[in-house]
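Taking it in order: structure first as structure tokens, then the write-up.
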Amino acid sequence: MKRLSFDPARCSLCGACALACSLSRCGRPEPAESRIRIECAGPDEPLRSAVCAHCEQPACVSACMRGIIEKDEKSGLVTRRWENCFACGACAVYCPVGASSQEPSKKAFTACDLCGGDPLCVAVCPSGALRFEEDAEGSARRRSAYAGRFFGSGGDKAQERPGLPSQADWERIASAVGGRLGVAVDPESLADACSRQRKAWEEEGM
Amino acid sequence: MDACFDILIIGCGAAGSSAAFAAKKTSPALSVCVLGSEDLPVYSAPALPDLLSGELSREGVFVRERSDYESAGIVLRLGETVRAIDPERREVHLESGEALRYGELILATGSQPIRLRRMQGTDLPGNFVMKSMADVDAMAAYGGSRAVVVGSGAIGLEGSMALKARGFEQVTLVEALDWLSPKSLDKETSDELAAVLESFGVEVLTGEAVQGVLGETRVTGVRTAKRDIPCDLVLWGIGMRPDVELAKAAGIPLGQLGAIRVDERMCTGLSHVYACGDCVESTDALTGKPAVHLFWEPAQRGGSVAGANAAGADEVYQGSLAVFLTNKGGLSILALGKTAREITPEERVILQEKRDGVFRRLLLEDGYLAGVQTVGSLADADLLCAVLKRNAERSNGWSLAVPVPEECRCSVRDVMRFLRRQRRG
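Protein chains in written order, with the working numbering: chain A, 29 to 234; chain L, 64 to 488.
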């Protein structure tokens with residue numbers, strides 16, 4: 029199936045993915061409402077994405093005490109009828125990647141549903157760190173990146189984090205978000221909100 | 064001619080229902096029948112406190128509807144009590160006199176709340192437990208404004224919060240041992256928890272054993288070692304016991320803890336008989352020792368394994384974790400792994416903090432994270448749970464467990480930072 033994949037070496041921690049996610053979920057830039065989180069354990073530490081992996085044997089499905097999380101055999105998607113969630117939190121405890129969290133506006137635990145097959149976070153990611161690709165494609169790419177780290181020029185040292193999006197990037201991100209939501213989005217306030225998101229992530233890791 | 068099913072399941076709770084659906088999924092051609100003693104399809108027992116408080120509607124507690132079984136091709140027979148199992152003839156005898164034949168049998172008989180029948184006054188009207196929907200209905204119909212809740216496990220904690228939310232004026236939680244949930248929590252964590260309960264208006268009394276229930280024709284109070292507490296009703300939350308009567312009578316071997324012994328394929332010691340859910344003894348994923356885990360997650364997962372295997376698959380159940388989790392009505396507690404008393408003092412490092420209203424206590428054993436207790440938030444629960452599981456594999460020799468370095472063993476913050484850094488990619 030097609031899943032989200034994350035390349036930590038390309039991520040600038042700009043925050044656009046989470047911002048776009050929360051805007052599309054609840055209409056405001058609210059980090060706690062985002063279904064994707066980038067974890068940053070320190071300035072020189074590798075980044076990590078916390079987002080639903082739509083596991084083959086999802087721990088959340090058996091953990092859910094309301095039976096509202098299901099793995100669709102055909103599409104591979106793990107879906108949840110969150111309207112009926114009673115927020116027991118078991119999905120969050122058992123999830124191996126930290127993809128399930130409580131969305132304050134819904135009082136429910138939710139996780140990424142891949143926007144129904146066209147994830148907005150991927151559409152806005154300015155550096156190509158987030159992709160939406162077939163498993164085989166992603167694993168081939170990760171294998172070659174791994175090999176490159178050993179045999180290429182970079183070695184296995186921590187790489188420098190890529191630079192933040194340019195003005196032109198912010199304009200593209202704003203128009204992608206605006207286009208999806210059918211509203212006008214101001215690039216500058218988007219960039220501001222993203223920088224707040226980035227700071228929050230950096231502080232979380234401290 | 065008796066009815067005959069390829070797979071017959073006794074019990075229509077989380078385990079029995081998952082077993083039925085897993086069996087059908089594995090092998091759709093097989094005939095599958097589920098027998099339930101309550102006249103209700105599977106519902107969420109952990110949600111019963113929310114039904115009691117009024118937070119959830121009756122409909123909101125059900126996990127599946129009758130029609131779900133039907134459309135999956137599962138025969139659902141509710142309100143049926145099983146009298147006996149005859150493993151020789153592969154028959155199940157119902158209270159009605161009917162006999163059902165089976166190819167494979169799955170026992171998902173669940174557990175029963177412990178009742179102190181010999182204690183004075185426990186037979187009076189006004190004594191309640193909270194295991195079934197009928198228990199909640201009875202409590203709601205009984206009414207009252209003052210309650211004593213006995214025991215501080217999940218039922219005691221969530222039950223007392225629910226009664227308070229329901230509008231009871233006085234709710235007193237009584238625990239005989241020195242602090243709340245001592246199997247899962249240390250005293251320091253219990254103190255935090257007690258403060259939260261008290262902020263919601265629940266009075267907490269620890270170290271007070273209940274000696275009797277007072278009343279002539281109905282409950283009027285509870286007598287502890289220290290006082291008499293006037294009340295209208297008593298909610299007993301002093302533990303659950305695996306329901307193994309049928310299994311025992313049929314000669315199905317029990318384990319050392321008194322529940323049905325199963326192997327990793329959920330097979331019992333008797334051929335053609337599987338078991339799953341609260342009635343089985345499986346393996347604790349952290350200690351590797353036999354354990355009876357009366358939780359939803361192992362019931363659901365174990366049920367799926369039992370159902371699939373009974374239908375011809377070859378799945379393995381990897382044991383389960385003892386998870387103490389409550390997250391409702393402003394009460395958020397998580398406890399995983401060992402408590403301080405389970406780690407020798409020489410090998411033990413305990414770190415604790417309270418920041419922004421969140422209490423966190425981490426226990427290291429020999430440098431490895433071995434226990435977690437939090438009050439106030441489930442943040443980072445996934446990370447801590449994953450690390451504990453990984454560390455539990457330490458004894459296998461090939462595990463990826465990493466000890467917390469000496470220099471990081473100074474504070475909760477340092478440990479969390481280290482663990483976050485460890486978790487890459």
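Glycine is no exception: its CB is placed at the ideal position from the N, C-alpha and C atoms.
For ARG159 (chain A) and VAL150 (chain A), I'd like the C-alpha separation in whole angstroms. 6 Å
Please name the residues in the stretch 424-453 of chain L whose beta-carbon is closer than 7 Å to at least one beta-carbon of chain A, in chain order. LEU441, ALA444, ASP445, LEU446, CYS448 and ALA449
Rounded to the nearest angstrom, what separates ARG189 (chain A) and ARG171 (chain A) at their Cα positions? 21 Å
Same chain, Cβ closer than 8 Å to ARG480 (chain L), neighbours up to 5 away in sequence not counted: CYS471
CB contact below 8 Å: VAL79 (chain A) versus chain L: Nearest CB-CB separation between VAL79 (chain A) and chain L: not below the 8 Å threshold.
Using a Cβ-Cβ distance cut-off of 8 Å, determine whether GLU73 (chain A) contacts chain L. yes
Quick one: what does DSSP say SER90 (chain A) is sitting in, helix, strand or coil? Under the three-state reduction of DSSP, SER90 (chain A) is assigned to helix.
With 16 other CB atoms within 10 Å as the buried threshold, where does ALA204 (chain A) fall? Buried, because 16 or more other Cβ atoms sit within 10 Å of the Cβ of ALA204 (chain A).
Would GLU360 (chain L) count as contacting chain A if we go by Cβ distances under 8 Å? yes
Do ARG364 (chain L) and the ligand MG come close, with the Cβ less than 7 Å from some heavy atom? As presented, the structure is devoid of all ligands, the ligand MG included, so that no description of it is given.
Extract the residue ranges of the alpha helix (DSSP H) inside the stretch 295-340 of chain L, only unbroken runs of 4 or more that lie entirely within it. 308-312
Helix or strand or just coil, what does DSSP make of ASP184 (chain A)? A caution first: ASP184 (chain A) carries a pLDDT of 47, below 50, which makes its placement in the model too unreliable to give a value.
Where does GLU279 (chain L) sit, in a helix, a strand or coil, going by DSSP? coil
Would a C-beta distance cut-off of 8 Å place ALA433 (chain L) and LEU441 (chain L) closer than the cut-off? no
Mind checking the stretch 110-121 of chain A against chain L and listing, in chain order, the residues whose C-beta falls within less than 8 Å of any C-beta there? ASN112, PHE114, ALA115, CYS116, GLY117, ALA118, ALA120 and VAL121
Same chain, Cβ closer than 8 Å to GLY183 (chain A), neighbours up to 5 away in sequence not counted: Low confidence applies to GLY183 (chain A): its pLDDT is 46, below 50, so where it sits in the model is not reliable enough to give any reading.
Quick check on ALA30 (chain A): does DSSP put it in helix, strand or coil? At residue 30 (chain A) the sequence reads Lys, which differs from the Ala that was named. Three-state DSSP puts LYS30 (chain A) in a strand.
Quick check on this structure: which residue in L:GLU456, L:LEU482, L:LEU414 and L:LEU463 has the alpha carbon closest to the alpha carbon of SER474 (chain L)? L:LEU414
Enumerate in chain order the residues of its own chain whose CB-to-CB distance from ASP295 (chain L) is below 6 Å, with the five nearest sequence positions on each side excluded. GLY207 and ARG209
CB SER80 (chain L) to CB GLY366 (chain L), shorter than 8 Å? yes
Determine the direct distance from the alpha carbon of GLY166 (chain A) to that of SER33 (chain A), and round the result to whole angstroms. 7 Å
What is the residue span of the alpha helix (DSSP H) that GLU261 (chain L) lies within? 250-262
Please report the distance separating the alpha-carbon of GLY184 (chain L) from that of ILE177 (chain L). Cα atoms of GLY184 (chain L) and ILE177 (chain L): separation of roughly 15 Å, rounded to the nearest angstrom.
Inter-stretch contact at 8 Å, needing at least 3 Cβ pairs: the stretch 112-122 of chain L / the stretch 218-229 of chain L: yes
Let's test the definition: count the other Cβ atoms within 10 Å of the Cβ of LEU384 (chain L) and tell me whether it reaches 16, buried, or not, exposed. buried
Spell out whether any CB of chain A is found under 8 Å from the CB atom of VAL126 (chain L). yes
Classification of PRO316 (chain L) by the beta-carbon crowding that lies within 10 angstroms, buried from 16 upward: exposed
How do the stretch 318-337 of chain L and the stretch 346-358 of chain L stand: do at least 3 beta-carbon pairs fall below 8 Å, yes or no? yes
Measuring straight from C-alpha to C-alpha, what distance separates SER116 (chain L) and LYS391 (chain L)? 11 Å
Out of A:GLY95, A:ALA175 and A:CYS54, state which residue places its alpha-carbon closest to the alpha-carbon of GLU131 (chain A). Closest by alpha carbon: A:CYS54.
Among all the DSSP beta bridges, which residues are the ones paired with PRO176 (chain L)? L:MET303
Any idea if TYR174 (chain A) is buried or exposed, counting beta-carbon neighbours within 10 angstroms, 16 or more meaning buried? exposed
When the cut-off is 8 Å and only beta carbons count, does GLU15 (chain A) lie next to chain L? Because chain A here runs from 29 to 234, residue 15 (chain A) falls outside it and cannot be looked at.
With 7 Å as the limit, tell me which residues of the stretch 156-179 of chain L have their beta carbon closer than that to any beta carbon of chain D; keep them in chain order. As a matter of chain content, chain D is missing from the structure shown, whose protein chains are A and L.
Applying the 10 Å Cβ sphere with the 16-neighbour rule, what's the burial state of PHE191 (chain L)? PHE191 (chain L) should be labelled buried.
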